[in-house]
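Participant: Counting in this note's numbering, the sequence shown runs from 38 upward without gaps.
The C-beta atom is built at its ideal place from N, Cα and C for all residues, glycine as well.
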Amino acid sequence: ALRRQDRAVVSVLRLLAAAVHNEEIAKGRQQSGLEDGGVLDVVSREAKRRRESIEAYEKGGRADLVEQERAELAILYHYLPEQLDLRALEQLVRATIAETSAMSVKDLGKVMAALRPRIVGRADGSAAAELVRKLLAG
Numbered sequence: 038a039l040r041r042q043d044r045a046v047v048s049v050l051r052l053l054a055a056a057v058h059n060e061e062i063a064k065g066r067q068q069s070g071l072e073d074g075g076v077l078d079v080v081s082r083e084a085k086r087r088r089e090s091i092e093a094y095e096k097g098g099r100a101d102l103v104e105q106e107r108a109e110l111a112i113l114y115h116y117l118p119e120q121l122d123l124r125a126l127e128q129l130v131r132a133t134i135a136e137t138s139a140m141s142v143k144d145l146g147k148v149m150a151a152l153r154p155r156i157v158g159r160a161d162g163s164a165a166a167e168l169v170r171k172l173l174a175g
C-alpha cells in the first residue's frame, strides 16, 4: 500500500496498528502482543465504529464523510473473515441455545459466552445478542 501510494489503505492500516497497540497496552501484552482473536476484536470494533459513523453522518446530511467512512469500512472488511448472513447467524444461535440448554432470557449470558468465540469478526455481537434474546423470548 505504501509503494502504490494508496493513501486510504495506508491511513486505515496505521489506524489499525495504533488501535492494536493501544489494546496491547490496555491488556498488558506489549511484549507478547495480541493473539489473532484479539486483533480480530480490534478490527471488528473499528468496523463497528465506521458503521455507526455512517449512520450518524447520514442523519446529519454529510455525504462527503459518509463516503469516506464507507471507503474505510470496505478496507476494514478486507481484514475480517467473511461475514455471516442472517440465516447462518440464526442457525449458529439456535445450535448454541440447544448446546447450552438455555430456556429463557435469563440464560442470555450463558448463550452469548458460548456464542461469542464462534462469531468473533464474523458478526456483530449486539445483533447476535438481539437474535438470542428474540429466540429465547419466544
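Can residue 173 and residue 141 be called in contact, C-beta distance under 8 Å?
Facilitator: yes
Participant: Please give me, in chain order, every unbroken run of the alpha helix (DSSP H) with length at least 4 that falls completely inside the segment 39-74.
Facilitator: 44-64
Participant: In the structure shown, what three-state DSSP assignment does residue 114 receive?
Facilitator: helix
Participant: So what's residue 87 in DSSP terms, helix, strand or just coil?
Facilitator: helix
Participant: Is the beta carbon of residue 126 sitting closer than 8 Å to the one on residue 80?
Facilitator: no
Participant: Apart from the five residues just before and just after residue 151, which ones in its own chain have a Cβ nearer than 6 Å to its Cβ?
Facilitator: Taken in chain order, the residues that qualify are 133, 137.
Participant: Consult DSSP for residue 119 and reduce its assignment to one of helix, strand or coil.
Facilitator: Residue state, collapsed to three classes: coil.
Participant: Would you kindly work out how many angstroms separate the C-alpha atoms of residue 90 and residue 74, rounded to a whole number?
Facilitator: 24 Å
Participant: Near residue 161, which residues of its chain fall below 7 Å by C-beta distance, leaving aside the five closest residues on each side in sequence?
Facilitator: 85
Participant: So residue 88 and residue 129 are supposed to be a Cβ contact under 8 Å. How far apart are they, rounded?
Facilitator: With 8 Å as the limit, residue 88 and residue 129 do not qualify as a contact, their Cβ atoms being about 21 Å apart.
Participant: Closer than 6 Å by C-beta to residue 117: which residues in its own chain qualify, once you throw out the five before and the five after it? Chain order, please.
Facilitator: 80, 158
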